[in-house]
Amino acid sequence: MAEQIPLCPVRSAAAAANCKRAAYFSAAGPGPGAERSSRYQLEDESAHLDEMPLMMSEEGFENDESDYHKLPRARIMRRKRGLEWFVCGGWKFLCTSCCDWLINICQRKRELKARTVWLGYPEKCEEKHPRNSIKNQKYNVFTFIPGVLYEQFKFFLNLYFLVVSCSQFVPALKIGYLYTYWAPLGFVLAVTIMREAIDEFRRFQRDKEVNSQLYSKLTVRGKVQVKSSDIQVGDLIIVEKNQRIPSDMVFLRTSEKAGSCFIRTDQLDGETDWKLKVAVSCTQRLPALGDLFSINAYVYAQKPQLDIHSFEGTFTREDSDPPIHESLSIENTLWASTVVASGTVIGVVIYTGKETRSVMNTSNPKNKVGLLDLELNQLTKALFLALVALSVVMVTLQGFSGPWYRSLFRFLLLFSYIIPISLRVNLDMGKAAYGWMIMKDENIPGTVVRTSTIPEELGRLVYLLTDKTGTLTRNEMVFKRLHLGTVSYGTDTMDEIQNHLMNSYSQMQSQASGNNASSTPPRKAQSSAPKVRKSVSSRVHEAVKAVALCHNVTPVYEARGAAGETEFADADQDFSDDNRTYQASSPDEVALVQWTESVGLTLVNRDLTSMQLRTPGGQILTYCILQTFPFTSESKRMGVIVRDESTAEITFYMKGADVAMSTVVQYNDWLEEECGNMAREGLRTLVVAKRALTEEQYQDFENRYNQAKLSIHDRTLKVAAVVESLEREMELLCLTGVEDQLQADVRPTLEMLRNAGIKIWMLTGDKLETATCIAKSSHLVSRTQDTHVFRPVTSRGEAHLELNAFRRKHDCALVISGDSLEVCLKYYEHEFVELACQCPAVVCCRCAPTQKAHIVKLLQQHTGRRTCAIGDGGNDVSMIQAADCGIGIEGKAVFSSVFYFASVPLYQGFLMVGYATVYTMFPVFSLVLDQDVKPEMAMLYPELYKDLTKGRSLSCKTFLVWVLISIYQGGILMSGALVLFESEFVHVVAISFTALVLTELLMVALTVRTWHWLMAVAELLSLGCYVASLAFLNKYFDVAFITTVTFVWKVSAITVVSCLPLYVLKYLKRKLSPPSYSKLSS
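Anchor point for the sequence shown: position 850 equals 849 in numbering that gives the first Met the number 0, and the numbering is continuous, going up by one each time.
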C-alpha cells in the first residue's frame, strides 16, 4: 500500500487532490514503525517534492485548484535579485562572507577525524590535539582596545561624534573649544572601556580558576598532580567524587563494587537527574590500578561531534589470546563539565579543549545591542541627512561665493548640535540607573545585572524562550496518587496503605512460620486454579511490591572510613536509614522508591544482580535480578524480571506510559479514564503491571533473548520482538501519579506573560512525555488548548506530510523533538518557523545546547522581534548568549535649530558644555523615574505591555513630531531674541540662551507623567545652577542688563510663546484621546 502513494504535480485535478488526501490518511494510520519507513520511500525524491510545496490551507484538498504554495516571506526573499538584493542587505551579506572567509584562512581550522588512543601513552597519538584549556575571553592584550573602539564606532551616532570632534583639530574648521566636543565623547569612551576591562578581567579570572584545577594523573611511576589545562589525549586521569570531569573520557575503572557510577550532567544538558555510567568490563576486572600499564590496549573513538547523547567506539586489548574487543557506547563515556556523584573513576582522555562535547555545544559570546540603540542609530542618520540639507541651503543662500566648500563644512559643524552630543551621555547614564533599580528591587532580591547596556530590552520582548528543569520546575518529584481500579489513595490516606502492608506481611510471616514447606506447590496451584477476587490488602501489597522492585534506583551509603578503594568493603558501610540516599537517572524513580519506604517497604541494597527489600516488620527479602529492560523513548516503558530467593518465584514487572501499557495489560474499564483525570491534575502517570513466569517459560525466553542480542543484523528489532513476546495479558496492578514540583508562582507568571502578548517557547533536553506534562501542569498550554505532538521524522517526505497535518490544526500548541526539528529546518525552514510562530506555545524537547541557540537566531531572523532566553544550567549558556536579552537563574533629546546666516557659533565655550551638562542633564536624567502606571497596576493589567512592544515611544511618527516641535521652538527662540534685542549682539545671547534653558526645563516637566520628588529637585537644582552661574559669565552676559525688568519680560514672553501652545495641545490630546493606561488610572 505504501508504494501506491502518488506524488502529484502542483496543478492537478480534484481526483488527484482527493487521492493525496486519502493517501495521507491511510499512511497516518496506527501501523508500526516498519510501515512508516516504507511509506516514505518515494518522498525523498527532491524533484517530486519541489513540484509539491507545502499545503497552506484546507481548501487545497477540496477544489480543483490546488492551494499548494510557498509562504509569502520565503517567496519574497527568493525573488530579490540584482541591485534590489544588494540594497536590501546583500552588501552586509557579502561583507560578512568575506570576513568569515578571511577568519577561516587565518585560523586554518583543521578537519576533525576519528582517532586511536593508547591507554597511558599520549606520545603515541598520530595527530596534534588542542590544549585542554577553557577560554571565555572576548579579547586579548592586543585586540582589547581596537575591539572595544570598533564596537563603539561601528554605530553612526558614535562615529559622527568622533568625526565632529576630530574636525576641531583643523584650524579652518574650528568653531569652538576642544573640550566642548571631546569631554562628553571621552567620558562615554572611558566608561565603556572601564566596564569592558572589568568584565574581561572577571572572565580571565574564571578561566584561570578552571584551568588551574589539579587532577591525579596515573603514570608508570604512580600518581602525579597535573593541571586541567595540561591534560592530553591518552592520559589516564583519576577523578574523585564531587569533582568536575576535565575532558571527554572513556570510563575504564571505578572504586564502586558494581563497576558503575553516577554522574551529574546539569551543566551539560540541564537535567539534574543522575546518569548511570558503566566502566569497560576488561579494565574493571583488573586487580589493581597499576595493571592498566601492564596491558597493551587502545580505544578507537569516532571524530568529535556535537551530539551529547551518542558515542560510537571500540576498546581493544591486543596482548590477550584471542584479542579482546568491546563495543563502546554513550554509557561508557564521561563528558567534560559533568561531575562525579559516586565513587572514584579512572578514564582515558579521548577529546580535549575545543573538541570536547561541552565546548562544541557552546557558542561564542556576542556584544548585545538594544533595539533602542539601533532605532537611535537610524534616527541619527535621518537627522544627519537633514543637517546636510540645511547646510546646503545655507551655502545656496550665500550664492556659493568664495571657498563655498569650507563654508559648507563650517555649517555642518555649526548645525552639528542638531544631533546633541549629550544624548549618548544621558542614554548610558539612564541605562545604568535602570540596571541599578533592577538590582535594588525588593521583589527580586539577589538579581545581578551583568550587562548594563540593554535593560530597556525587557520592555520590548515578544518571544520568551525558557528551559524546563530548574527554571519552570524544581525537579523535585512528590508521590501524589495510587489508583487500584476500585479504590484510590491520595496524600491524606497513605496511612491506610501502610496498615494494609503491615497486615499483609504479618499474615505472610505467620503462615511461613506455621508451615515450613516449600512455597513452590502453592505457586503452581495458583497458576492452575481459577481466578478469585483478591482482598484490598493483597492488592495493595502486590502494587507496592511491584513499585519497589521495578526501577533502576540504587541506594548509596556513605563510607565511615577512608574513601577510595576501601569502599569495596561492606564492613565499612553504615546501613542506617539516615545514611542512605537514592541515586537514579530519573527523579520519578527516586520519588517512587522514597514513597515505598514511607509506607514501610524499603529498598536497602542493590547491585547489578540482586536487590534487597526490608518489610515493615524488619524482615529482609532478597530478589535476584535476572533481566532489566531500560526505558527508551521508543518503547515508553521499562521492565525487570526478578526471582524471589525465598520462594523461587519468577515475576516479570513492567511500568510505563498509558499509551504503551494499555495494549499489553488485561482488559479493564478504568485505566484510560483515570489516566486522563490524573493528567488534567498535572500528574505524571505510570501504569504498573506484572506477569508470573514458570522456570520453563523463563529459560525459553532467556535463550531467545541471548540469541537476539548476538545478532549482527537488525539486532534492535529482534531484541524488541523477543521482549514483546512476554508483554501479553499482563495483570494490571495499579496506576501511580507523581507531581513535578513547579517553581513558586510559575502558573500565574506564565498566565500574566501570555496576557501581555509574550509568546513562550519551552526548550528542554528532557523527554517528550515529561516536557508535555510540564507544559500542561505549568499552564504553558492552557487546559482548553489542543496539543499537536509532531511525529518523529527522518526524511524530507516525512517532514512534508507531517507539516501538512500540522497546518490543518488551529490554535494548538506544538510539541516537537530536536531530531524532527532538525529535519524540518533543513528542508522547510521558512514554512516551519512561520507555522510555529502562529502557535500560542511551542515545546521543543531533546534539544542540544547549540540547537537552542539556533532556534533563538531563527526567531530573530524570521520575525525581527526581540527575544529573551531564561535558563539555569550550563546547557542554556548558548541560548542566553544568542538572545537579545538573556536571564540566568543564579530619555528624550530636545533638538534646537539656530537660524543665522553667519557661519559662527552663537553659543560658545562653556555655554554649550553647561547646556549639555549642569544646566539640563539632571532634569533629563530624572526622567528615568517617570512611570505611566504604578507597578501594581501593570501587574494587574499585563495587557498594557503590548503597547511597549509596538515601539511607539520612538516611532517615526513620534520622531517627526519632536522634530517639528524643535523647529517651532528654535524658530521662536531665535526670532524672538533677534526682534527683541536692542543695540548690542550680546543681548541676543543672553535672552535666547536663558529662554532656551527655561524651555528645556519646562519641556521636561511637560513630558513627566508621574512626578517624583527627585524630579522637582532636579528642575530646581538646574535652574539654581544657571542663575548662580550668571554672575561668573561676564564673558557672555551683560550682568547689568540681565538684572533689569526688560530682560525678565523679554525672556518670559519668548518662553511662554515657545511652551504654552504645547501645553494646550497636550491637555486637549489627553482629554480627547487619552492613552489606555490613563483610563485605568482614572
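Ideal placement from N, C-alpha and C gives every residue a C-beta, glycine not left out.
Distance, Cα to Cα, residue i vs residue j?
i: Trp594; j: Gln136; result: 47 Å
i: Glu126; j: Lys302; result: 13 Å
i: Met393; j: Tyr967; result: 19 Å
i: Ala881; j: Thr282; result: 43 Å
i: Val555; j: Leu370; result: 52 Å
i: Gln525; j: Leu824; result: Model confidence at Gln525 stands at a pLDDT of 39, short of 50, so the residue's coordinates are unreliable and nothing is read from them.
i: Glu644; j: His550; result: 19 Å
i: Thr452; j: Lys430; result: 6 Å
i: Leu500; j: Pro121; result: 59 Å
i: Leu591; j: Val842; result: 26 Å
i: Ser965; j: Thr191; result: 30 Å
i: Ser406; j: Tyr180; result: 20 Å
i: Ala171; j: Trp403; result: 13 Å
i: Ser280; j: Gly258; result: 8 Å
i: Gln698; j: Thr769; result: 36 Å
i: Ser534; j: Ser254; result: 46 Å
i: Ser293; j: Glu728; result: 53 Å
i: Gly233; j: His324; result: 19 Å
i: Arg252; j: Val344; result: 6 Å
Measure how close the beta-carbons of residue i and residue j come, nearest whole angstrom, since I'm counting them as under 8 Å.
i: Thr580; j: Leu600; result: Actually they do not touch by this definition, with Cβ atoms about 18 Å apart.
i: Ile428; j: Gly346; result: First, the amino acid is wrong: residue 428 is Met here, not Ile. That pair is no contact at about 52 Å.
i: Val664; j: Ala647; result: That belief does not hold up - the Cβ atoms of Val664 and Ala647 are roughly 25 Å apart, past 8 Å.
i: Leu725; j: Phe651; result: 6 Å
i: Thr465; j: Ile854; result: Contact doesn't hold; Cβ gap of about 12 Å is too wide.
i: Asn131; j: Ile230; result: 4 Å
i: Pro1097; j: Gln784; result: Only positions 0 to 1081 of the chain appear in the structure, and residue 1097 is not among them; the question remains open.
i: Cys772; j: Arg683; result: 5 Å
i: Leu291; j: Gly445; result: With 8 Å as the limit, Leu291 and Gly445 do not qualify as a contact, their Cβ atoms being about 47 Å apart.
i: Arg636; j: Gly655; result: 2 Å
Which of helix, strand or coil does DSSP assign to residue i?
i: Ser1028; result: helix
i: Tyr581; result: strand
i: Thr793; result: coil
i: Arg613; result: strand
i: Lys775; result: helix
i: Gly975; result: helix
i: Leu741; result: strand
i: Lys274; result: strand
i: Phe203; result: helix
i: Phe250; result: strand
i: Asp643; result: strand
i: Leu602; result: strand
i: Phe628; result: strand
i: Cys281; result: helix
i: Ser132; result: coil
i: His787; result: strand
Taking 6 Å as the line, does the beta carbon of residue i fall inside it for any heavy atom of the ligand GDP?
i: Lys766; result: No copy of the ligand GDP appears in this structure; indeed no ligand is present at all.
Quiz item: Is there contact between the stretch 305-325 and the stretch 208-223, where contact requires at least three CB pairs shorter than 8 Å?
Solution: no
Self-check item: Whole beta strand (DSSP E) elements within the stretch 805-840, 3-residue minimum
Solution: 811-816
Quiz item: Should the stretch 233-243 be regarded as contacting the stretch 151-168, the criterion being three or more beta carbon pairs within less than 8 Å?
Solution: By the Cβ criterion, the stretch 233-243 is not in contact with the stretch 151-168, since fewer than three pairs of Cβ atoms, one from each stretch, lie closer than 8 Å.
Quiz item: Hey, is the stretch 455-462 in contact with the stretch 857-869, meaning 3+ C-beta pairs nearer than 8 Å?
Solution: yes
Quiz item: Three or more beta-carbon pairs under 8 Å between the stretch 478-496 and the stretch 731-747, yes or no?
Solution: yes
Quiz item: Enumerated in chain order, which unbroken segments of the beta strand (DSSP E) with a length of 3 residues or greater are wholly contained in the stretch 452-523?
Solution: 460-465 and 472-482
Quiz item: Residue ranges of each alpha helix (DSSP H) run of no fewer than 4 residues wholly in the stretch 935-966, ordered along the chain?
Solution: 944-948
Quiz item: Contact between the stretch 492-509 and the stretch 776-789: three or more CB pairs below 8 Å?
Solution: Pairwise C-beta distances place the stretch 492-509 out of contact with the stretch 776-789, as fewer than three of them are shorter than 8 Å.
Self-check item: Three CB pairs or more closer than 8 Å across the stretch 319-329 and the stretch 351-361
Solution: No, the stretch 319-329 is not in contact with the stretch 351-361.
Quiz item: Taking contact to mean at least 3 C-beta pairs separated by less than 8 Å, is the stretch 832-840 in contact with the stretch 811-820?
Solution: With a cut-off of 8 Å, the stretch 811-820 and the stretch 832-840 count as touching, because enough Cβ pairs lie within range.
Exercise. Flag this pair as touching only if the stretch 791-804 and the stretch 686-705 have three or more C-beta atom pairs under 8 Å; answer yes or no.
Key: no
Self-check item: At least three beta-carbon pairs within less than 8 Å, the stretch 935-944 to the stretch 743-757
Solution: yes
Quiz prompt | Inter-stretch contact (C-beta, 8 Å, three-pair minimum) for the stretch 993-1011 and the stretch 1053-1070 | solution = Per the Cβ contact rule, the stretch 993-1011 is in contact with the stretch 1053-1070 (3 or more Cβ pairs under 8 Å).
Quiz item: Of all the beta strand (DSSP E) runs that stay within the bounds of the stretch 633-684, which reach a length of 3 or more residues?
Solution: 636-643 and 649-655
Quiz item: Touching or not, the stretch 193-201 and the stretch 133-148, by the rule of three or more beta carbon pairs under 8 Å?
Solution: yes
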